[in-house]
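In the working numbering, the protein residues as written are 2 to 200.
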């Protein structure tokens with residue numbers, strides 16, 4: 002109840018009688034935490050310009066929260082909340098054992114050469130990185146709250162970004178449309194407030 006979840010899809014390979022097939026499957030990529038009540042709406046600002054995505058949440062506690070979501074586990078050197086699992090450490094060098102490697106009595110190893118060395122399979126950094134980012138096809142994400150927008154204490158029902166992700170609109174129980182603008186430093190501030198007056 003006090004969080005929002007980001008789910009992504011991944012391809013899963015299956016072996017069937019006539020070859021192989023792939024299907025899509027959902028997995029939990031990140032969790033947006035810090036809400037004190039029910040999350041009623043989520044808006045996504047694509048990161049095609051910034052290099053990261055921003056997600057805004059409308060919460061019953063009257064706060065609009067903006068999160069920075071990155072495909073990776075770090076935010077500018079500090080550790081951020083993300084999925085933890087089997088991808089914590091990737092060894093620097095992986096060498097597959099070969100049948101041609103024999104331990105000699107004094108402890109020295111016979112190092113394979115030619116075809117044996119190729120078959121021993123020293124992997125490149127790229128293949129290890131690909132393996133770490135998803136033996137199972139999952140991409141690790143992290144999310145960090147970057148702005149907490151509290152203009153009114155009334156519960157917020159709806160949030161929405163504009164096309165380029167520089168403006169954010171929110172509506173709540175108070176009947177007002179609040180407009181928020183991203184500042185050059187990356188924080189969000191109140192830009193406008195529109196309300197209906199009964200007369």
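Positions of the beta carbon are idealized from the N, C-alpha and C atoms, including for glycine. The model shown is predicted, which means the values in this text are computed figures rather than measured ones.
Item: Just mark residue 179 as buried or exposed, buried being the case when its beta carbon has 16 or more other beta carbons within 10 Å.; Value: buried
Item: Please name the residue in 53, 19 and 172 whose C-alpha comes closest to that of residue 187.; Value: 53
Item: Just curious, the beta strand (DSSP E) that residue 27 is in, first and last residue?; Value: 20-34
Item: Once the 5 residues before and after residue 105 are set aside, which same chain residues still bring their CB inside 6 Å of it?; Value: With a pLDDT of 42 at residue 105, under the threshold of 50, the predicted position of this residue should be treated as unreliable, though the coordinate-derived value follows. Closer than 6 Å at the Cβ level, and outside the excluded window around residue 105, lies no residue.
Item: Does the pairing of the region 35-51 with the region 9-20 give three or more beta-carbon distances under 8 Å?; Value: no
Item: Specify the secondary structure class of residue 188 as computed by DSSP and reduced to three states.; Value: coil
Item: Would you kindly work out how many angstroms separate the C-alpha atoms of residue 129 and residue 141, rounded to a whole number?; Value: Only weak support is given to the placement of residue 129: the predicted model assigns it a pLDDT of 40, under 50, and the question is left unresolved by the model.
Item: If we count the other Cβ atoms within 10 Å of its Cβ and call it buried at 16 or more, is residue 193 buried or exposed?; Value: exposed
Item: Helix or strand or just coil, what does DSSP make of residue 147?; Value: strand
Item: Beta-carbon within less than 8 Å of residue 25's beta-carbon, same chain only, minus the 5 sequence neighbours each way: which residues are those?; Value: 10, 11, 12 and 13
Item: Run the CB neighbour count on residue 55, radius 10 Å, all protein chains shown included, and call it buried at 16 or more, exposed below.; Value: buried
Item: Apart from the five residues on each side of it in sequence, which residues of its chain come closer than 6 Å, Cβ to Cβ, to residue 138?; Value: 11 and 12
Item: My output table needs one value for residue 181: the three-state DSSP class, helix, strand or coil.; Value: strand
Item: Is the beta carbon of residue 189 less than 8 Å from the beta carbon of residue 67?; Value: yes
Item: Quick check: the Cα distance between residue 132 and residue 27, rounded to an integer number of angstroms?; Value: Confidence at residue 132 is low in this model, with a pLDDT of 41, below 50, so its placement is unreliable and no value can be given for it.
Item: What are the start and end residues of the beta strand (DSSP E) that includes residue 64?; Value: No beta strand (DSSP E) holds residue 64; DSSP gives it neither H nor E.
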